[in-house]
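For the sequence shown, position 62 matches number 218 in the numbering used here, and the numbering has no gaps at all. Here's the structure we're looking at; comments come further down.
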Amino acid sequence: TDDSGADWMLQGDAVYALNSLALDPSSGDTLYAGYASSGGAGVVKSVDGGASWNPATNGLSVSTLYRLSISPSAPGHLLASSQDGLFGTSDAGGLWGPLYAGDVRAAAFDPADTSILYAGLANVSSSGFGVLRSDDGGATWVAPPGIPVGYLHVNDFVVSAADPSRVYAAASSSVYRSVDRGASFAPANTGLPSMPGIAPFRLAADPAHAGTLYMLAGLGGAAASAGVDVPQAIPGNVFRTTNGADSWAPLPGFLPVLGELDLSVGASGRVLYAATISGVFQFERSFLDVPDANPFWSAVDAAAMNGVTAGCGGGNYCPGASTSRASVAVFLLRGKNGVAYAPPAATGTVFGDVAADSPAADFIEEIANEGVTAGCGGGNYCPGAPLTRASMAVLLLKTEHGSGFVPPPATGLVFGDVPTDAFAADWIEQLAAEGVTAGCGAGNFCPDATVSRAQAAALVVRAFGLS
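Here is the structure:
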């Protein structure tokens with residue numbers, strides 16, 4: 157595809173099942189494919205963008221090939237992970253040689269030094285090592301401390317191109333991280349569901365933002381037998397970190413649970429692609445009508461990535477549209493509690509104009525139950541009414557701090573259009589004191605103006621510290 161997946165073209169027939177692609181980073185026309193056939197497995201190579209393929213299997217003797225890896229700094233160097241061991245080539249597939257014997261599921265190069273290699277094994281004994289490191293091109297291997305021995309399956313590696321000291325390994329029971337170029341590892345699972353409910357399967361680094369990674373998880377243990385109930389039991393199976401795996405958070409949505417094959421991030425970092433047994437999927441970090449040049453882009457992006465909003469439809473966010481009282485209930489509760497949060501089912505008995513099947517009814521009733529709002533009067537909530545900036549200040553701070561929160565008295569000195577006796581003056585000044593808002597410009601707050609959807613995203617993101 158040349159248009160980000162809108163249309164696909166067949167690039168040459170193959171009599172094999174191709175299960176891994178490695179693209180030469182220095183040449184858009186050179187790529188390698190690992191294949192499986194009735195006669196065994198191997199590698200084919202194309203130098204014309206996939207239109208034609210030729211064998212590149214000299215010295216490679218494997219029955220099952222898992223994945224190909226190519227060196228970012230020396231594209232003639234490749235690794236082939238297989239059930240029969242790890243093989244390497246330094247002449248662009250002209251000749252392969254064995255580097256390690258065993259069931260090697262994953263391998264990676266140091267992005268700056270082809271002599272430093274990583275190999276991930278599928279342990280078959282209680283005393284087996286899961287991760288091995290070589291600093292001499294595979295002649296010798298050592299097991300770094302921090303990876304437990306036992307029946308561990310290492311599924312993938314990512315080595316930071318910006319900082320090769322940071323190495324990440326996805327295993328069947330944990331994500332492991334090294335900050336010393338693979339000399340040692342430690343678990344890095346904060347924010348991930350408890351295992352073996354999920355099994356980290358594939359890692360992908362954002363090439364535009366150091367420290368941002370994505371992890372595609374398979375289902376393990378009891379979760380694997382839960383069938384269609386799994387998406388409800390586990391908040392997602394794609395996770396994101398923006399701090400180098402100090403913590404993870406689930407992305408909104410759930411990919412098909414079978415056949416987690418691959419994961420990749422576009423060059424801009426805004427689009428995530430996943431290949432599964434059910435097809436190729438993409439996740440856009442933000443919206444078509446909120447480009448990078450939009451001053452609210454980062455806030456809208458953070459709101460989307462944290463599941464606060466799914467936009468207004470058609471891939472758009474409608475940043476200039478008014479924020480309705482119904483939608484703000486979702487913004488507030490998801491901003492506070494995360495993408496996995498689901499309020500209790502609505503009863504339809506809390507507000508006269510919010511039936512149980514109304515949009516966002518669950519969220520509207522929950523913010524009422526938590527004492528955040530009493531509605532708009534007369535026993536109603538007015539879900540379709542636009543929200544004012546003054547009302548937003550009250551709702552936001554009550555959601556953040558609890559229904560019993562009382563802000564300090566207003567001074568009347570913070571905004572020119574918010575005197576001490578103005579509606580919600582205490583709340584507006586407290587919102588400014590917490591650094592959530594600087595007003596609407598020229599020293600004013602515009603308390604009676606409608607909150608736009610872009611402004612709502614910014615206020616929620618700042619109030620709850622979302623990234």
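Even for Gly, the Cβ is constructed at its ideal location relative to N, Cα and C. A quick note: this is a predicted structure, and the numbers were derived from the prediction, not measured.
Between Thr606 and the rest of its own chain, which residues show a CB-CB distance below 8 Å, the 5 nearest in sequence each way excluded?
Sequence index remark: in the sequence shown, residue 606 carries index 450 (1-based). Excluding residues within five positions, the ones whose Cβ falls inside 8 Å are Ser478, Thr479, Pro542, Leu543, Thr544, Arg545.
Name the residue from Ile272, Val203, Met371, Ala498 whose alpha carbon lies nearest to the alpha carbon of Pro336.
Taking the sequence shown and counting its residues from 1, the one referred to as residue 336 is at position 180. As written in the sequence, residue 336 is Asp, which differs from the Pro given in the question. For Asp336, the nearest C-alpha among the options comes from Ile272.
Simplified DSSP state of Ala405, which is helix, strand or coil
Your numbering for residue 405 matches position 249 in the sequence shown. Looking at Ala405 - three-state DSSP - the assignment turns out to be strand.
Cα-Cα separation, Phe487 to Leu407
Along the sequence shown, read from residue 1 onward, the residue named residue 487 stands at position 331. Along the sequence shown, read from residue 1 onward, the residue named residue 407 stands at position 251. Taking the straight line from one Cα to the other gives about 16 Å.
Quick one: Cα of Ala379 to Cα of Ala373, how far?
As a working mapping, residue 379 is identified with position 223 in the sequence shown. As a working mapping, residue 373 is identified with position 217 in the sequence shown. Because Ala379 carries a pLDDT of 47, less than 50, the predicted location of this residue cannot be relied on, and the following value inherits that uncertainty. Near 12 Å, if we compare the C-alpha coordinates of Ala373 and Ala379.
Determine whether the Cβ of Pro343 lies closer than 7 Å to any Cβ atom of chain D.
Although the question refers to chain D, the structure presented lacks it and comprises just one protein chain.
Can you give me the start and stop residues for the beta strand (DSSP E) that Ala360 sits inside?
Here the question's residue 360 lines up with position 204 in the sequence shown. Where Ala360 is concerned, the enclosing beta strand (DSSP E) stretches over 354-361.
Can you tell me the Cα-Cα spacing of Val528 and Phe443, whole angstroms?
As a first step, residue 528 is located in the sequence shown; it is residue number 372 there, counting from the start. As a first step, residue 443 is located in the sequence shown; it is residue number 287 there, counting from the start. For Val528 and Phe443, the distance between alpha carbons rounds to 30 Å.
Under the three-state reduction of DSSP, which class applies to Ile523: helix, strand or coil?
Looking up residue 523 in the sequence shown gives position 367. In the structure shown, Ile523 sits in a helix (DSSP, three-state: H, G or I).
Report yes or no: do three or more beta-carbon pairs, one from the segment 275-292 and one from the segment 302-318, lie closer than 8 Å?
yes
Could you check what DSSP says for Thr555 in three-state terms: helix, strand or coil?
Position 399 of the sequence shown, counted from the start, is the residue given in the question as residue 555. It is helical.
Determine which residues share a DSSP beta bridge with Met371 and list them.
The residue you call residue 371 lines up with position 215 of the sequence shown. Paired residues: Leu359, Phe395.
Do you know how far the Cα of Gly241 is from the Cα of Leu216?
Translated into positions along the sequence shown, residue 216 becomes position 60. Translated into positions along the sequence shown, residue 241 becomes position 85. Distance between the alpha carbons of Leu216 and Gly241 is about 10 Å.
Own chain, CB closer than 8 Å to Asp402, minus 5 neighbours either side, in chain order:
On the sequence shown, position 246 is the one that residue 402 refers to. Closer than 8 Å at Cβ, skipping near neighbours: Ala344, Thr346.
On the three-state DSSP scale, how would you describe Val550?
Residue numbering aside, residue 550 sits at position 394 when the sequence shown is read from its first letter. If DSSP states are grouped into helix, strand and coil, Val550 belongs with the helices.
So, with DSSP's three-state summary, where would you put Gly493?
Position 337 of the sequence shown, counted from the start, is the residue given in the question as residue 493. Gly is not the amino acid found at residue 493; the sequence shown has Asn there. The answer is helix: DSSP assigns Asn493 an H, G or I state.
Apart from the five residues just before and just after Gly249, which ones in its own chain have a Cβ nearer than 7 Å to its Cβ?
Translated into the one-based positions of the sequence shown, residue 249 becomes position 93. Result list for Gly249: Tyr188, Val199, Lys201, Ala212, Leu234, in chain order.
In or out: Val280 buried (at least 16 other Cβ within 10 Å) or exposed?
Residue 280 sits at position 124 when you count from the first residue of the sequence shown. Per the 10 Å Cβ criterion, exposed.
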